[in-house]
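One structure is given below, encoded as structure tokens.
There are 2 protein chains.
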Amino acid sequence: MSAVLHFGEMGSRWGFNRTVGQILALIVLNDKPISAQEIADSLSISRGNTSMGLKELQSWQLVKQHIVPGERKEFFVAAGDIWTLANRVLEERKKREIDPTLSLLRDLLLDTPSNKTDTEAQKKLNEIHDLLESVTRWSEELQRLGPDKLATLMKLGASVGKVLEFKDKLKPGHQ
Amino acid sequence: MSAVLHFGEMGSRWGFNRTVGQILALIVLNDKPISAQEIADSLSISRGNTSMGLKELQSWQLVKQHIVPGERKEFFVAAGDIWTLANRVLEERKKREIDPTLSLLRDLLLDTPSNKTDTEAQKKLNEIHDLLESVTRWSEELQRLGPDKLATLMKLGASVGKVLEFKDKLKPGHQ
DNA sequence: CTGAAGTTTCAGAAGTTACTGAAAGTTTAG
DNA sequence: CTAAACTTTCAGTAACTTCTGAAACTTCAG
Numbered sequence: 001m002s003a004v005l006h007f008g009e010m011g012s013r014w015g016f017n018r019t020v021g022q023i024l025a026l027i028v029l030n031d032k033p034i035s036a037q038e039i040a041d042s043l044s045i046s047r048g049n050t051s052m053g054l055k056e057l058q059s060w061q062l063v064k065q066h067i068v069p070g071e072r073k074e075f076f077v078a079a080g081d082i083w084t085l086a087n088r089v090l091e092e093r094k095k096r097e098i099d100p101t102l103s104l105l106r107d108l109l110l111d112t113p114s115n116k117t118d119t120e121a122q123k124k125l126n127e128i129h130d131l132l133e134s135v136t137r138w139s140e141e142l143q144r145l146g147p148d149k150l151a152t153l154m155k156l157g158a159s160v161g162k163v164l165e166f167k168d169k170l171k172p173g174h175q
Numbered sequence: 176m177s178a179v180l181h182f183g184e185m186g187s188r189w190g191f192n193r194t195v196g197q198i199l200a201l202i203v204l205n206d207k208p209i210s211a212q213e214i215a216d217s218l219s220i221s222r223g224n225t226s227m228g229l230k231e232l233q234s235w236q237l238v239k240q241h242i243v244p245g246e247r248k249e250f251f252v253a254a255g256d257i258w259t260l261a262n263r264v265l266e267e268r269k270k271r272e273i274d275p276t277l278s279l280l281r282d283l284l285l286d287t288p289s290n291k292t293d294t295e296a297q298k299k300l301n302e303i304h305d306l307l308e309s310v311t312r313w314s315e316e317l318q319r320l321g322p323d324k325l326a327t328l329m330k331l332g333a334s335v336g337k338v339l340e341f342k343d344k345l346k347p348g349h350q
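Here the protein sequences come in this chain order: A and B.
Counting from 1, position 66 in the first sequence corresponds to residue 66 in the numbering used here; the numbering is continuous, with no gaps.
If you want the numbering used here, it's the position in the second sequence, counting the first as 1, plus 175.
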């Protein structure tokens, strides 16, 4: 299935490398649990690399072990449905990318700027800080909604603009 | 300014490499236009590398040339405010990551599955397709709103859940 | 037209990341 | 306790990415 190969490429953009992406695709698209050996064979990669990849996917909580009674081998399955997986990826990336930046920004904003140029730079840093905080707040909110409501919200899509107008109209009389 | 170095690291996660990230940070945080030579000097990188980096940032439309009358050199400034830049990055990433995946998925979904396993796999592919389409639709909508309304929506954050409830209540009498 | 001030390109060096496969480790059945 | 079946680790190598700096190019003033 060529999708597996392609998702490998995609994977490399989503924070892990090509092989790890392919392993994930293989696991997600197989409804049956799959063993490490089968993965290594299907993708023609070494057993060692497979093991590393699975470890990484487990650390992202995208994949979990599945014990087949009477079998010595370990099998693997996806850690949830597509929406859950997408959420996990976003959450994990946020943790690795946005959170450290936010805490650096907070440190930088504590310094009192010593000249005009620094004052301007801090203004920008402050804007970036606000933006990242908004992203963080959204991400928390979306997390709380759970996959089903999230799907509804996502499908709402094109009417976000209208929702915003509602809110503006309703605001005066509404907390 | 240590922010510049740090944003370099971040940059590498946002689709371009460390140096390109640092160049961007330098340009964004300087309110004055800055020349290629000044960039190379501040970051202690070669002139050639600087030129490549600037070319890439221009291809992302994050940075634009700025002509100072009477000066031979080219100067560079950010192509908009922080929100605009963030939007551009998202838009560009979408173009590079999601769009090719979507078109591959469409192709794969045209094939009629030949067995049980393929049918299951296609079901999953279909879910992924839906998810990516929703993301695309959102992204277009957000693009249309423009930075100011976008900021409002973002700040709304914690009340997304409530908005959803509004929508449910209002829907019956509202297109 | 000439040369000075600048920019871009590109081959190869340096640095980084990913992969293999053999060795070490773990678990369980007998 | 031993051996078989499996997993993990890790040193070395392969593959890839980034960076440098010299050469080629462009533009403009005189």
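Where a beta carbon is used, it is the ideal one built from N, C-alpha and C, also for glycine.
query	result
Alpha carbon to alpha carbon, how far is Arg188(B) from Leu265(B)?	12 Å
Decide if Ile352(B) is buried, meaning its Cβ has at least 16 other Cβ atoms within 10 Å, or exposed.	In this structure chain B extends from 176 to 350, so residue 352(B) is not present and cannot be described.
Please report the distance separating the alpha-carbon of Glu184(B) from that of Ser134(A).	21 Å
Taking Cβ to Cβ, would you say Ser220(B) is nearer than 8 Å to Ile128(A)?	According to the sequence shown, residue 220(B) is Ile rather than Ser. No, Cβ-Cβ distance for Ile220(B) and Ile128(A) is not below 8 Å.
Quick check on the burial criterion: 16 or more other C-beta atoms within 10 angstroms. Buried or exposed for Gly11(A)?	buried
Reducing DSSP to helix, strand and coil, say where Lys73(A) ends up.	coil
Pull up the CB-CB distance for Val63(A) and Ala86(A), whole angstroms please, since I reckon it's below 8 Å.	Between Ala86(A) and Val63(A) the Cβ distance is about 14 Å, and since that is not below 8 Å, they are no contact.
So, for Asn17(A): in the same chain, excluding its five sequence neighbours on each side, which residues have a beta-carbon less than 6 Å away from its beta-carbon?	none
With DSSP as the reference, label Val243(B) as helix, strand or coil.	coil
Measure the C-alpha to C-alpha separation of Thr259(B) and Ala40(A) and round it to an integer number of angstroms.	44 Å
Where does His349(B) sit, in a helix, a strand or coil, going by DSSP?	A caution first: His349(B) carries a pLDDT of 45, below 50, which makes its placement in the model too unreliable to give a value.
Please determine if the region 281-300 of chain B and the region 20-36 of chain A are in contact, where contact requires at least 3 C-beta pairs separated by less than 8 Å.	yes
What do you reckon, are the CB atoms on Phe75(A) and Ile34(A) nearer than 8 Å?	yes
Taking C-alpha atoms, which residue in Gln297(B), Leu199(B), Leu328(B) and Val195(B) lies nearest to Lys124(A)?	Leu199(B)
With DSSP as the reference, identify every bridge partner of Val63(A), one or two as the case may be.	Ala78(A)
Looking at the C-beta of Arg13(A), does it have a partner C-beta in chain B at a distance below 8 Å?	yes
Could you pull the DSSP bridge partners for Ile209(B) from this structure?	Phe251(B)
Could you spell out the range, first to last residue, of the alpha helix (DSSP H) harbouring Arg281(B)?	Asp274 to Leu285
Classify Phe191(B) as helix, strand or coil using the three-state DSSP reduction.	coil
What residues of chain A sit near Met227(B), judged by a beta carbon separation below 8 Å?	Those do not exist, as Met227(B) stays about 21 Å from chain A at its closest Cβ, beyond 8 Å.
Between which residues of its own chain and Arg88(A) is the CB-CB distance below 8 Å, once the five residues before and five after are set aside?	Trp60, Gln61, Leu62, Ala79 and Gly80
Given a threshold of 16 other Cβ atoms within 10 Å of its Cβ, counted over all protein chains shown, does His174(A) qualify as buried or as exposed?	Any reading at His174(A) must be qualified, since the residue scores a pLDDT of 46, below 50, and its modelled position is unreliable; the value itself is stated next. Label assigned to His174(A): exposed.
Going by C-alpha distance, which of Arg137(A), Arg47(A) and Thr50(A) is nearest Asp99(A)?	Arg137(A)
Against chain A, with Cβ distances strictly below 8 Å, would His181(B) count as a contact?	yes
Determine which residues of the region 98-128 of chain A have a Cβ less than 7 Å from any Cβ of chain B, and write them out in chain order.	Thr101, Leu104, Leu108, Glu120, Ala121, Lys124, Leu125, Glu127 and Ile128
With a threshold of 6 Å on Cβ separation, who are the neighbours of Gly190(B) within its own chain once the five nearest residues in sequence on each side are excluded?	Arg268
Rounded C-beta distance between Leu57(A) and Val20(A)? I'm assuming under 8 Å.	6 Å
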